[in-house]
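A.B. asks: Here's a structure for you.
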Amino acid sequence: MSDLFVVGMSWRTAKVDVREKLAFREEEITPALRALTTELPVAEALLISTCNRVEVYGVAKPGSDPAGDVRQFLAHQRAVKLSDVAGALYDHRGSDAIRHVFRVASSLDSLVVGEAQILGQLKAAYGVAGTAGTSGPVLSRALERAFGVAKRVRTETTIARGAANVSSVAVELAAHVFGNLAGKSVLVVGAGKMSSLAARHLYANGAQRIVVTNRSPEKAEALAAEIDADARPWAELEKLLTEADIVISSTGAREPILTKALFKKITKARRWKPMMVIDIAVPRDAEPAIGEFDGVFLFDIDDLDKVKKANIAEREKAADHASKIVEHEAGQFEHWLRTQAVVPTIRALRDKFAQVAEVEVGKALEQLSRKELTRDQQRELVQRVVQLVVNKLLHQPTTVLRGSSPDEGPLRAAILAELFGLEPQEGGDEEVVEPPATEASSPQKAQA
Amino acid sequence: MTEAGRLLSVAPSPAFWVAVVAYAAAAAALLGVLAGNAKLRPFALALVGVAFAAHGTDIGWRGTMHVHPAESVREAIGFLAFIITGGYLLASARYRLTLGGVVVMPVSLVLLVLARLTPAGTKPEDLSTLGRIHISLATLGVGVFALASALSAIYLVEDRALRRKKFDALAFKDRGAPLESLDKLSHRLVWVGFPIFTVALVLGAVWTSRLGENLARIEYVLAAVTWCAFAALLIARQIYGWRGKRAAKLTLEGFAAALAVLVIYLIRRIVE
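Heads up: the sequence lines are chains A and B, in that order. Using this note's numbering, you'd call the opening residue of the first sequence number 4 and step up by one each time. Using this note's numbering, you'd call the opening residue of the second sequence number 54 and step up by one each time.
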């Protein structure tokens, strides 16, 4: 059975200026895969190209080690000198390759450990290889297993827990206050890029409505159009705050806009309904004192960063447990892969045994149908058939064993002993006479 | 000891010991979940289920010995713990309440042990049907208030963690029920418990006056305080929109008064 291998580079070994040299566009992947499997000794291949990695997962044809060729191939395909990227390229074979694929799928090899994107990208790459006809039984099994391992890692560890970017942190904090964001309204104060991103993220996570307000109505209109929101005049700020569940503020104001005096009125008007204020402006738009009001939960940019860092630290802690799962699964997969090498032999052995048995049993049945036999004759017939089958099956191995050279003989004998659970007695000087593998003689002949 | 007193001192059933072990194990498992071992969650909830079933079996077994939950305050406390655990299980089906479980399981365990292993006292000679209904409704009402209080306590812990930006605190990391849901659920439970407790209070007053007892006893005053606290809570929410921290604190204060009534009853029963 051919070996699984990985050749590529990732954020661990290459900076973006090197990674971009080897990056493949989506439409370039299928031709590259076909070239890999036709021009190189590669039986199966998959190519994944993301912003953080470019890797080829493949299965080498028997007796070959195409890793070096694949390095050349990648450089040639992207029209770069191999020497320019060689330092960033790595390759893994066999169990290391399996482990690497499992780690990538489980997001243990990602820039942000636990991020979910890589699994989707790997599935897409697998889909492309399938369509291109370059994923065979080994790669398919490896990838399917990798997806299973990734699922296990995400379920059994906290590796994917907690948001790892500012927009997701805003959603996570909102979930702590409101749970489901369905029906919640978001007010964006100011027209900053960050706040629009966070608002969009909240909207994508179920928030019902986004309203934008800004001192400059034109900027509010422009942002509202960009994120499919309503633009409202700045003069309505107090009313808008009373109606909003989540406020994201990022104006360029030098003085706080969301003041204690304003929130004293607002919280009362809202009947202390919960409200989350995310202030991502520097200098801050919200006076810290508004966070003391019942029902108001205020977070500034440092708070969001703190949550992000805490989540990343938590994920890294979970990575140890996840690595153990990957190790265990890689071991099991390796075992499966090894057993695949002997499967054709097992199948041929079974076929041969079945064939011998079928021929002899067929002959015996024919004799039985020709003449009625006594019980003793039937017993004798069965014994003869069994003896014949055994003789025929043992003929070949016995002949080979006897004809073995002094070097090979003991090894072959030991293998046979292990395979059949034999305990050969030392010192036996009796000659073992192999009965001839003759055709079954009729009971009548035996009687005679 | 009188005949009635002998009946009340029925020894705990084997199911009681199963419940005790299951409560303790459930508390430990939930603590493990809180510490980050997410795999323990189904196991922990299964243990809560076992504790609940064993607790119910113990109550049923005592029923066959003619010792019912409404027989005395001591029995009522055991039943109260059963209601609290059942309510927790129900709420857990919808929300992640690990932190709540870490609090509720030991509380249920302590109440159960108090109800079974403290001296039984004697069965009151004058325990009429009215008295039994009073005890049953009061237990049910306080049980519902206990659940509301547990949710309020979780609310306050989570609110504190969020306000103080303790993002590495267990209350934050557990990703339990959201604050808005805790507040709403607690309020709904107070709505359910309040009429039950009101009827229990009226029946208790009628029963007590029939017995000719003095209504100025401390437990009666505390029961009235409990009622007033929950009434004030409902009115303040309805008229002024009180919710969140203020509502949670008032819920806990009301429940503390209810708990004090039970403790006084229990001590009095033991002493007498």
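The beta carbon of each residue, even a glycine, is placed where N, CA and C say it ideally should be. The model shown is predicted, which means the values in this text are computed figures rather than measured ones.
(1) Is Ala-325 of chain A closer than 9 Å to Leu-114 of chain A when the C-beta atoms are compared?
(2) Check the Cβ-Cβ distances between Lys-309 of chain A and every residue of chain B, and say whether any is below 9 Å.
(3) Along the chain, where does the beta strand (DSSP E) that runs through Leu-49 of chain A open and close?
(4) Just to confirm the assignment, what range does the alpha helix (DSSP H) spanning Asp-273 of chain A have?
(5) On the criterion of 16 or more Cβ atoms from any shown chain inside 10 Å, does Ala-443 of chain A qualify as buried, or is it exposed?
(6) So which residues on chain A does Leu-167 of chain B lean against when the C-beta distance must stay under 7 Å?
(7) Can you give the beta carbon distance from Leu-287 of chain B to Ser-202 of chain B, rounded, assuming they're within the 8 Å contact cut?
(8) Around the C-beta of Phe-356 of chain A, are 16 or more other C-beta atoms found within 10 angstroms, so that it is buried, or is it exposed?
(9) Pick from B:Ala-269, B:Ala-301, B:Ala-81 and B:Ala-68: whose alpha carbon is nearest that of Val-166 of chain B?
(10) Any idea what DSSP makes of Glu-363 of chain A, helix, strand or coil?
(11) What separation, rounded to the nearest whole angstrom, lies between the Cα atoms of Arg-81 of chain A and Lys-126 of chain A?
(12) Give the straight-line distance between the Cα atoms of Leu-370 of chain B and Gly-153 of chain B, rounded to the nearest whole angstrom.
(13) Compare the Cα-Cα distances from Asp-305 of chain A to each of A:Ala-367, A:Val-172, A:Gln-381 and A:Ser-98 and report the closest residue.
(14) Work out the CA separation of Ala-88 of chain B and Val-195 of chain B for me, nearest whole Å.
(15) Could you tell me how far apart the beta carbons of Met-12 of chain A and Val-83 of chain A are, in whole angstroms, since I believe they sit closer than 8 Å?
(16) On the criterion of 16 or more Cβ atoms from any shown chain inside 10 Å, does His-331 of chain A qualify as buried, or is it exposed?
(17) Just to confirm, is the Cβ distance from Ser-205 of chain B to Lys-302 of chain B under 9 Å?
(18) Assuming the contact rule is C-beta atoms closer than 8 Å, Asp-248 of chain A and Lys-187 of chain A should be a hit. Round their C-beta distance to whole Å, please.
(19) Across the segment 242-256 of chain B and the segment 273-288 of chain B, are there enough close Cβ pairs to call them in contact, namely three or more that are closer than 8 Å?
(20) 9 Å is my cut-off, CB to CB: does Asp-410 of chain A come that close to chain B?
(21) Mind the definition here: the segment 247-262 of chain B touches the segment 182-199 of chain B only if three or more C-beta pairs lie below 8 Å; say whether that holds.
(22) Closer than 9 Å between beta carbons: that is the criterion. Which residues of the segment 254-283 of chain A meet it against chain B?
(23) So who's on the other strand from Thr-216 of chain A, going by DSSP bridges?
(24) Per DSSP, what kind of secondary structure is Met-12 of chain A in: helix, strand or coil?
(25) May I ask you to report which of helix, strand or coil DSSP gives Lys-448 of chain A?
(26) Considering only residues of the same chain and omitting the five flanking positions on each side of Ala-272 of chain A, which have a CB-CB separation below 7 Å?
(27) Count the other CB atoms within 10 Å of the CB of Val-215 of chain A; is the residue buried (16 or more) or exposed (fewer)?
(28) Would you call Ser-52 of chain A buried or exposed, if buried means 16 or more other Cβ atoms sit within 10 Å of its Cβ?
(29) With a Cβ-Cβ cutoff of 9 Å, do Val-152 of chain A and Phe-105 of chain A count as a contact?
(30) Leaving out five residues before and five after His-414 of chain A in sequence, what residues of the same chain have Cβ atoms less than 8 Å from its Cβ?
(31) Once DSSP output is grouped into helix, strand and coil, what is the label at Arg-59 of chain B?
(32) Have a look at A:Ala-78, A:Ala-38, A:Arg-164 and A:Leu-261 and flag the residue whose alpha-carbon is nearest the alpha-carbon of Lys-320 of chain A.
(33) In terms of residue numbering, what span does the alpha helix (DSSP H) encompassing Asp-72 of chain A cover?
(34) Taking 9 Å as the threshold (beta carbon to beta carbon), is Pro-231 of chain B in contact with chain A?
(35) Give every residue of the same chain whose Cβ lies closer than 6 Å to the Cβ of Ala-199 of chain B, excluding the five residues on either side of it in the sequence, and list them in chain order.
(36) Please determine, among B:Val-259, B:Gly-307 and B:Asn-267, the residue with the shortest C-alpha to C-alpha distance to Cys-281 of chain B.
C.D. replies: Once the coordinates are examined:
(1) no
(2) True, the Cβ-Cβ gap to chain B drops below 9 Å.
(3) 45-52
(4) The residue you asked about is not Asp; residue 273 of chain A is Arg in the sequence shown. Run containing Arg-273 of chain A: none; DSSP gives neither H nor E here.
(5) With a pLDDT of 44 at Ala-443 of chain A, under the threshold of 50, the modelled position of that residue is not reliable, and the figure given next carries that caveat. Counting Cβ neighbours within 10 Å, Ala-443 of chain A comes out buried, since at least 16 surround it.
(6) At a beta-carbon threshold of 7 Å, none of the residues of chain A lie near Leu-167 of chain B; the nearest stands roughly 35 Å away.
(7) Not quite, the Cβ-Cβ distance comes to about 15 Å (not below 8 Å), so this is no contact.
(8) Classification for Phe-356 of chain A: exposed.
(9) Considering only B:Ala-269, B:Ala-301, B:Ala-81 and B:Ala-68, the residue with the shortest C-alpha distance to Val-166 of chain B is B:Ala-68.
(10) Here Glu-363 of chain A sits in helix by DSSP.
(11) Cα to Cα, the separation comes out at about 23 Å.
(12) An answer regarding residue 370 of chain B cannot be provided, because it is not within the stretch 54 to 325 covered by chain B.
(13) A:Val-172
(14) 31 Å
(15) Met-12 of chain A to Val-83 of chain A, Cβ: 12 Å. No contact.
(16) With fewer than 16 Cβ atoms within 10 Å of its Cβ, His-331 of chain A is classed as exposed.
(17) yes
(18) 4 Å
(19) yes
(20) no
(21) yes
(22) Taking 9 Å as the cut-off between beta carbons, the residues of the segment 254-283 of chain A near chain B are Lys-271, Arg-273, Arg-274, Trp-275, Lys-276 and Pro-277, in sequence order.
(23) A:Val-192 and A:Arg-235
(24) strand
(25) Here Lys-448 of chain A scores only 42 on pLDDT, less than 50, and its place in the model is too uncertain to base an answer on.
(26) Thr-245
(27) buried
(28) buried
(29) yes
(30) The sequence given here places Leu at residue 414 of chain A; His does not occur at that position. So the list is empty, once near-sequence residues are dropped.
(31) With a pLDDT of 44 at Arg-59 of chain B, under the threshold of 50, the modelled position of that residue is not reliable, and no figure is offered here.
(32) Nearest of A:Ala-78, A:Ala-38, A:Arg-164 and A:Leu-261 to Lys-320 of chain A, Cα basis: A:Arg-164.
(33) Here the alpha helix (DSSP H) through Asp-72 of chain A covers 70-80.
(34) It does; some Cβ of chain A falls within 9 Å.
(35) Ile-137
(36) B:Gly-307
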